[in-house]
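Per this note's numbering, the sequence shown starts with residue 53, numbered consecutively.
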Amino acid sequence: MNTPLTGRTSHTQPPLLPIRTARLLLRDFLSSDLQAVEALAAHPRVREQAPFESRALLVARRAAHTKVARRPSRDRKSYELAVIHRKSHKLIGACDIARVGRHSADLGYMLLPRHWGYGYGTEVAKAMIQFGFETMKLKHITAIVATDNEGSRRVLMKAGLMWQGLVRRALRVGSRHWDCHQYTIDRARWQSQATQTRAKKR
Ligand SMILES: CC(C)(COP(=O)(O)OP(=O)(O)OC[C@H]1O[C@@H](n2cnc3c(N)ncnc32)[C@H](O)[C@@H]1OP(=O)(O)O)[C@@H](O)C(=O)NCCC(=O)NCCS
């Protein structure tokens, strides 16, 4: 005889965060992360490629000063997350996805230079894009990259984004202007790529 079910069926949704990838964990910032994030954002090699103020850094600062963890609610306008190396438990980077309209969001990421070149940037971008389409229910994700940032351009292309155009003097830091490439992916393209990837794995 089957044992009758007791209690209520749970309708609780699975937790949004952390996001787990093969080697990384993406989670909200903790107050204890601040020093590592400040060092990351101030690193000369990171500043050279991403000279603008990082949203992740602003949020990490807020997390450190409020001491109250952000609720991982589904209707947040943006997610700024620490990139944690699962094996060493160390913070190796930061990333963010922020709504710029009801159905669109902008993607950003940065890693400590000693972790460049191991595929982590692509791993972060793919995970954030999946999160954006599946959890935030976005229709478009965009990213903007300084023209000489070849590493980031490669990351975006490997994550499936398409080049949309060149925006002259898109960013200004102090008196210097930066020309930037704009990249984009829409939900349909992402879904068809995800289907192809699953088919290849079978
Ligand atoms: C951009 C960044 C996240 C890339 O991270 P990463 O972990 O090195 O990226 P990946 O290892 O996934 O590399 C993806 C591809 O780019 C290539 N690449 C990485 N850095 C490169 C560089 N400086 N020049 C040319 N190609 C580069 C890799 O060889 C790889 O190509 P392949 O797989 O075809 O061989 C990292 O360089 C970074 O944090 N830069 C500073 C912050 C920044 O620029 N953020 C983006 C702002 S838009």
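Idealized CB from N, CA, C, for every residue including glycine. Predicted model only: the values in this text are computed from it and were never measured.
**Within 8 Å, strictly: CB atoms of A211 and K178** = yes
**Asked** By DSSP, does R206 sit in helix, in strand, or in coil?
**Response** helix
**Asked** Would you say the stretch 109-121 touches the stretch 206-220, given that touching needs at least three Cβ pairs under 8 Å?
**Response** Look at the beta carbons and you see the stretch 109-121 not touching the stretch 206-220: under three pairs across the two are nearer than 8 Å.
**Asked** Under the three-state reduction of DSSP, which class applies to E105: helix, strand or coil?
**Response** The three-state reading of DSSP puts E105 in coil, since its state is none of H, G, I, E or B.
**Residue span of the alpha helix (DSSP H) that contains A74, given as start and end** = Counting along the chain, A74 falls outside any alpha helix (DSSP H), and DSSP gives it neither H nor E.
**Message:** Considering only the alpha carbon of each residue, which of R254, E186 and G226 lies closest to L68?
**Reply:** E186
**Prompt:** Alpha carbon to alpha carbon, what distance is there between K252 and D85?
**Reply:** 38 Å
**For W242, three-class secondary structure by DSSP** = helix
**Request:** Could you check if D148 is buried or exposed, using at least 16 other CB atoms within 10 Å of its CB as the buried criterion?
**Result:** buried
**Prompt:** If we ignore side chains and look at the alpha-carbon of each, how far apart do A94 and P103 end up?
**Reply:** 9 Å
**Asked** Relative to the C-alpha of D127, which residue among V98, R205, F183 and R99 is closest?
**Response** F183
**Asked** Quick one: is E132 buried, meaning 16 or more other Cβ sit within 10 Å of its Cβ, or exposed?
**Response** buried
**Request:** With V176 as the anchor, note down where its alpha helix (DSSP H) starts and where it stops.
**Result:** Y172 to E186
**Prompt:** Cβ-heavy atom distance between Q101 and ligand 1 below 7 Å?
**Reply:** yes
**Asked** Going by the CB atoms, is the gap between S244 and K191 shorter than 8 Å?
**Response** no
**Request:** State the Cα-Cα distance for the pair S83 and S106, rounded to the nearest angstrom.
**Result:** 17 Å
**Prompt:** Roughly how many angstroms separate the alpha carbons of R72 and A198, rounded to a whole number?
**Reply:** Approximately 28 Å, taken between the alpha carbons.
**Message:** Tell me which residues share the same chain as T174 and place their Cβ nearer than 7 Å to its Cβ, disregarding the 5 neighbours each side in the sequence.
**Reply:** V207, K210 and A211
**Request:** Report whether the distance from the Cβ of E90 to the nearest heavy atom of ligand 1 is below 7 Å.
**Result:** no
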